[in-house]
Amino acid sequence: MSKLKDSLLVLNQGSDVDPSQPNQDDGLLLAPDKPALKRPSMYQVVMLNDDFTPMHFVVEVLVRFFAMNEEKATQVMLAVHTQGKAVCGIYSKDIAETKVAQVNEYSAECDHPLLCELQKQD
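Counting from 1220, one number per residue, gives the positions in the sequence shown under the working numbering.
The following block contains the structure:
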């Protein structure tokens, strides 16, 4: 124990601080606490049904832009067809906006009215 007390004395040498008094202000500034980080808001990319886009094109889009395999893409395509819309993926805002823009642009280039939209996840 005396070794620890000797170390404290060496560290505090030249100071009027008494190491046995825990609440003494020794003149040191404390670094401010780091701000708490919070998770970014997440957004759903939702594909909307229409009466004109062929089912095989919807599957192609899901495979190409959402990295789904054929089976998963077919399931999502059927959900879009029967329920009117379906979630293709959940992403941070920037990525979701990019996916929506890519799908909508590709569909327009291929002369299909297929659309995706962005919805903030609760």
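Even for Gly, the Cβ is constructed at its ideal location relative to N, Cα and C.
Computed from a predicted structure; not experimentally measured.
The segment 1246–1263 and the segment 1304–1313 touch, with no fewer than 3 CB-CB distances between them shorter than 8 Å. 1289 is the residue among 1267, 1266, 1284 and 1289 whose C-alpha sits nearest the C-alpha of residue 1275. Taking a 10 Å sphere around the C-beta of residue 1305, we find 16 or more other C-beta atoms and assign the residue as buried.
Annotation for residue 1298: the continuous alpha helix (DSSP H) segment containing it runs 1289–1302. Annotation for residue 1339: 1260 and 1262 place their beta carbon closer than 7 Å to its own, counting only its chain and skipping 5 residues before and after. For residue 1248, there is no enclosing alpha helix (DSSP H), as DSSP marks it with neither H nor E. Checking the DSSP bridge columns, you'll see residue 1310 partnered with 1262.
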